[in-house]
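For the sequence shown, this note's numbering begins at 9 and goes up steadily by one.
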Amino acid sequence: MQQIFTPPQRTQPFRRTALDMAALFVLLTFLAGATMAAAWSIWHTGRIYTGVSVAGVSLGGLTRSEAYRRLEERLHPYPLPPVVLEYEGEQWPLSLAQVQA
């Protein structure tokens with residue numbers, strides 16, 4: 009013959025204490041923080057981090073190719089300083105075409 013176990017009835021209902029609520033709050037805060045950190049990491053995969061700028065050009069959130077294009081557009085008219093080679097007191101100025109060759 010098979011017997012079925014039935015647990016005894018509780019005389020008082022289960023009550024949550026302040027410590028239970030504090031532990032639940034800490035757990036939920038930790039889970040929310042971990043979720044936000046994971047989402048931030050996934051968003052920046054293959055992208056430049058938020059807040060990065062070069063010569064005043066904001067690059068945050070862009071891919072490498074997008075950032076390269078944006079820098080070319082914004083910095084193309086930027087005047088480059090002349091390149092001068094110097095050796096033993098003599099100087100040889102180079103043009104941009106000579107440097108890129």
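Glycine included, every Cβ here is placed at the ideal spot set by N, Cα and C.
> Taking the DSSP output, what are the residues bridged to residue 91?
Replying inline: In the sequence shown, counting from the first residue as 1, residue 91 sits at position 83. Beta-bridge annotation (DSSP): residue 91 is paired with 102.
>> Check for me: the alpha helix (DSSP H) holding residue 37 runs from which residue to which?
In response: Counting from one through the sequence shown, the residue named residue 37 turns up at place 29. Looking at the DSSP string, the run of the alpha helix (DSSP H) that includes residue 37 is 26–51.
> Does the region 51–70 come close enough to the region 23–34 that 3 or more CB-CB pairs lie under 8 Å?
Replying inline: Fewer than three Cβ pairs drawn from the region 23–34 and the region 51–70 lie within less than 8 Å of each other, which leaves the two stretches out of contact.
> Do you know how far the Cα of residue 49 is from the Cα of residue 67?
Replying inline: By 1-based counting over the sequence shown, the position of residue 67 is 59. By 1-based counting over the sequence shown, the position of residue 49 is 41. Taking the straight line from one Cα to the other gives about 17 Å.
> What's the gap between the Cα of residue 71 and the Cα of residue 47?
Replying inline: Taking the first residue of the sequence shown as position 1, residue 71 is located at position 63. Taking the first residue of the sequence shown as position 1, residue 47 is located at position 39. Residue 71 and residue 47: Cα-Cα distance of roughly 17 Å.
>> Assuming residue 75 is part of the alpha helix (DSSP H), what are its boundary residues?
In response: As a working mapping, residue 75 is identified with position 67 in the sequence shown. Run containing residue 75: 72–83, per the alpha helix (DSSP H) assignment.
> Comparing alpha-carbon positions, which option in 103, 29, 75 lies nearest residue 87?
Replying inline: Within the sequence shown, the letter at position 79 stands for residue 87. Of the candidates 103, 29, 75, 103 places its Cα closest to the Cα of residue 87.
>> Pull the bridge partners of residue 65 from the DSSP assignment, please.
In response: Taking the first residue of the sequence shown as position 1, residue 65 is located at position 57. Note: residue 65 sits in a beta bridge opposite 62.
> Would you report the Cα separation of residue 6 and residue 29, rounded to the nearest angstrom?
Replying inline: There is no way to answer for residue 6, as the model of the chain reaches only from 9 to 109.
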